[in-house]
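Here the structure comes first, spelled out in structure tokens, and everything after it is commentary.
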Amino acid sequence: MSKEIGITIKKADDLSEWYTQVVTKAELADYAPIKGFMVLRPYGYSIWERIRDYLDQRFKETGHSNAYFPFLIPESFLKREAEHFKGFTPEVFWVTHAGGNELSEKLAVRPTSETIIYDTYSKWVRSWRDLPLLINLWNSVLRAEITATRPFIRTSEFLWQEGHTVHATKEDADKEVLLILEIYRKLVEEQLAIPVLSGYKSEREKFVGALYTTTLEAMMPDGKAIQMGTSHNLGQNFSKPFEIKYLGKDEETHYAWTTSWGVTWRLIGAMILLHGDDRGLILPPLIAPIQVVIVPIYYKDADTQAITNKVQSVAEALTKAGLMAYVDLREQYTPGWKFNEWELKGVPVRLEIGPKEVEYHHVTLVRRDNSERLQVKDDSSVAETEKCLDEIQKTLFANAKSLLDALASQATDYGQFRRILNDRGGFVRACWCGSTECEDAIKSETGATIRTIPLTPERPFATCIRCGSKADKVVYLAKSY
């Protein structure tokens, strides 16, 4: 593969340029002709489909159903929850005309769907028998907040799923919030091989209009955090203005409790940043749309039919075993060119089959993560491939966990805290008094924010990292994307 096609920058030298090259040259996405937008190419979309299919199954297993709501939201709907409206107004794209006619009311292009959904829920919820109402959406949203496009990480439009549920009590809503957070954690850690910290957002960082927000936070190689998913208890902050009420078993009318939760294609960006190397993308096997690529090697005077027969036989056996295998039969490219291309695209395992493999009744297996080459006997090729894929999945997570541990520090005073952020970044465990003034000062002076407050409270081990007064919380801070 020529330098023009392959990655031309080392990941450690320029992470931003390396990332851009991986995204575009691995044919995951491309830049759109509109600032802040990107085109999701088929290979990138196939990864999103794997994420979608996993979550969709988990949601349905826990009683959730899919629906769809309008893309345009009346301005008056957003205004009905004041904090929510104030938080989203700077990011909203507005529709003001229909053809040549000015609209009597501006319409917001969906920045999130709470308001349009909860207006409808007020019609659907009448009795305790209607609860819980558990609905998920697969759609896209637009937020006009982008100064520089970074595919998957920061774009004005992004694919996501957003769940919206209604419950009879706060306790039921609390259970829903943690149920979804755990589903997200399993996706991120067990499928994407990305270790995370779980916890609560601070009042300043929570979702606008929420009672509280829970979050999953991951750490990238440059010492910056990425929010991987959030789950919110909205309390009655939306049910009251939207009149979501139900008649309880006690024959009294009660306001319901609502939750919302979501993840975006930012998951793909984090996976690229964390697992990729100087040759390109490395995909965890459980999320890879192609787990095994088979490359036939035809030499001059080789028995091409015997090679082809073996390639087809191995592909059928892998597929029968439930693996996603792809045979690269393109004649216009050499085997070496194909090797490099599939390495760039991050396919976990490559199987090479040529004259020697036919003669000696084996296949050559190559791991993408460490380039290890193995000769595997034909009768054990499926089992060895499965074993290899399992090892790659575990190795990627272990390597990412080692990075997370290496980029985790503890600080007891502000000077130490600032030195850590400047020297290496990462998560900094520190104590906080709980005041917004200190939180705002930390962000203004260092660029770091409170990424998470542990789900299980930890005992303070020092005074407040910013003001030095008594601390009542242990928090994890970091700079972020």
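Residues in the sequence shown are numbered from 1 upward in steps of one, following my numbering.
Yeah, the Cβ is synthetic: ideal placement off N, Cα and C, and Gly gets one too.
Within 8 Å, strictly: CB atoms of residue i and residue j
{"i": "Thr-215", "j": "Gly-235", "result": "no"}
{"i": "Val-92", "j": "Ala-82", "result": "no"}
{"i": "Leu-187", "j": "Leu-55", "result": "yes"}
{"i": "Lys-11", "j": "Pro-195", "result": "no"}
{"i": "Met-25", "j": "Ile-7", "result": "Before going further, note that residue 25 is Lys rather than Met in the sequence given. Result yes, Cβ atoms of Lys-25 and Ile-7 sit closer than 8 Å."}
{"i": "Leu-131", "j": "Tyr-246", "result": "yes"}
{"i": "Ser-156", "j": "Glu-439", "result": "no"}
{"i": "Tyr-43", "j": "Glu-27", "result": "yes"}
{"i": "His-164", "j": "Ala-173", "result": "no"}
{"i": "Ala-478", "j": "Ala-448", "result": "yes"}
{"i": "Thr-436", "j": "Arg-204", "result": "yes"}
{"i": "Leu-389", "j": "Ile-287", "result": "no"}
{"i": "Gly-269", "j": "Ile-153", "result": "yes"}
{"i": "Asp-369", "j": "Leu-351", "result": "no"}
{"i": "Leu-142", "j": "Trp-48", "result": "no"}
{"i": "Glu-105", "j": "Ser-76", "result": "yes"}
{"i": "Ala-408", "j": "Val-358", "result": "no"}
{"i": "Trp-432", "j": "Val-475", "result": "yes"}
{"i": "Met-220", "j": "Leu-281", "result": "no"}
{"i": "Val-311", "j": "Ile-244", "result": "no"}
{"i": "Lys-473", "j": "Thr-463", "result": "no"}
{"i": "Trp-128", "j": "Lys-249", "result": "yes"}
{"i": "Val-22", "j": "Ile-290", "result": "no"}
{"i": "Val-125", "j": "Ala-325", "result": "no"}
{"i": "Leu-318", "j": "Thr-253", "result": "no"}
Where residue i falls, given that 16 or more other Cβ within 10 Å makes a residue buried
{"i": "Phe-483", "result": "The structure shown does not extend to residue 483, since the chain is modelled only from 1 through 481, so no value can be given for it."}
{"i": "Lys-206", "result": "buried"}
{"i": "Thr-483", "result": "Nothing can be reported for residue 483: it is not among the residues displayed for the chain, which extend from 1 to 481."}
{"i": "His-232", "result": "buried"}
{"i": "Tyr-121", "result": "buried"}
{"i": "Ala-411", "result": "buried"}
{"i": "Tyr-184", "result": "buried"}
{"i": "Thr-259", "result": "buried"}
{"i": "Leu-493", "result": "Absent from the model: residue 493. The displayed extent of the chain is 1 to 481, so no value can be given."}
{"i": "Tyr-360", "result": "exposed"}
{"i": "Gln-393", "result": "buried"}
{"i": "Tyr-68", "result": "exposed"}
{"i": "Arg-459", "result": "exposed"}
{"i": "Tyr-19", "result": "buried"}
{"i": "Asn-139", "result": "exposed"}
{"i": "Gly-322", "result": "exposed"}
{"i": "Lys-320", "result": "exposed"}
{"i": "Asn-237", "result": "buried"}
{"i": "Asn-340", "result": "buried"}
Per DSSP, the bridge partner or partners of residue i
{"i": "Lys-473", "result": "Trp-432"}
{"i": "Ser-198", "result": "Leu-216"}
{"i": "Glu-482", "result": "Here the chain covers residues 1 to 481 and nothing more, so residue 482 does not appear."}
{"i": "Tyr-68", "result": "Partner(s): none; Tyr-68 has no beta bridge."}
{"i": "Phe-88", "result": "In the DSSP output, where bridge partners are listed per residue, Phe-88 has none listed."}
{"i": "Leu-137", "result": "Glu-162"}
{"i": "Glu-157", "result": "Leu-142"}
{"i": "Ala-408", "result": "Phe-427"}
{"i": "Tyr-326", "result": "Val-293"}
{"i": "Phe-93", "result": "Val-109"}
{"i": "Asp-30", "result": "Val-39"}
{"i": "Pro-460", "result": "DSSP lists no partner for Pro-460."}
{"i": "Ile-73", "result": "Ala-108"}
{"i": "Ile-453", "result": "Tyr-200"}
Closest residue to residue i among the options (Cα-Cα distance)
{"i": "Leu-344", "options": "Asn-309, Asp-278, His-361", "result": "Asp-278"}
{"i": "Val-347", "options": "Glu-384, Cys-467, Leu-283", "result": "Leu-283"}
{"i": "Pro-355", "options": "Asp-303, Asp-174, Phe-461", "result": "Asp-303"}
{"i": "Gln-161", "options": "Ala-144, Lys-170, Ile-180, Glu-171", "result": "Ile-180"}
{"i": "Arg-367", "options": "Glu-316, Val-293, Glu-145, Glu-331", "result": "Val-293"}
{"i": "Thr-89", "options": "Tyr-299, Leu-103, Pro-74, His-97", "result": "Pro-74"}
{"i": "Leu-133", "options": "Arg-154, Ser-140, Glu-176, His-97", "result": "Glu-176"}
{"i": "Arg-424", "options": "Leu-404, Cys-433, Ala-441", "result": "Leu-404"}
{"i": "Ala-32", "options": "Arg-150, Gly-415, Lys-320", "result": "Arg-150"}
{"i": "Lys-377", "options": "Glu-386, Val-349, Asp-53, His-362", "result": "His-362"}
{"i": "Ala-218", "options": "Arg-129, Arg-266, Ile-226", "result": "Ile-226"}
{"i": "Gly-14", "options": "Asp-222, Phe-339, Glu-384, Ile-290", "result": "Checking the sequence, you will find Asp at residue 14 rather than Gly. It is Asp-222."}
{"i": "Arg-451", "options": "Gly-63, His-97, Lys-224", "result": "Lys-224"}
{"i": "Phe-59", "options": "Leu-103, Ser-127, Asn-136", "result": "Asn-136"}
{"i": "Thr-213", "options": "Glu-341, Ile-353, Leu-178, Glu-189", "result": "Leu-178"}
{"i": "Gly-209", "options": "Lys-79, Ala-98, Arg-110", "result": "Lys-79"}
{"i": "Gly-336", "options": "Asp-413, Val-314, Tyr-298, Thr-308", "result": "Tyr-298"}
{"i": "Asn-309", "options": "Leu-197, Leu-318, Lys-300, Pro-296", "result": "Pro-296"}
{"i": "Pro-111", "options": "Asn-399, Leu-72, Tyr-255, Ile-465", "result": "Leu-72"}
Distance cut-off 7 Å: residue i Cβ against heavy atoms of the ligand NAD
{"i": "Arg-424", "result": "This structure does not include the ligand NAD; it has no bound ligands of any sort."}
Counting only runs that start and end within the segment 336 to 405, where is the alpha helix (DSSP H) found for 4 or more residues in a row? Fully enclosed alpha helix (DSSP H) runs of 4 or longer: 355 to 359.
May I have a chain-ordered list of the alpha helix (DSSP H) segments no shorter than 4 residues that lie completely inside the segment 224 to 307?
Taking only runs of at least 4 residues, the alpha helix (DSSP H) segments lying wholly in the segment 224 to 307 are 266 to 275.
- request: Please go through the segment 164 to 191 and give each complete alpha helix (DSSP H) segment of 4 or more residues, from N-terminal end onward.
  value: The segment 164 to 191 contains these whole alpha helix (DSSP H) runs: 170 to 186.
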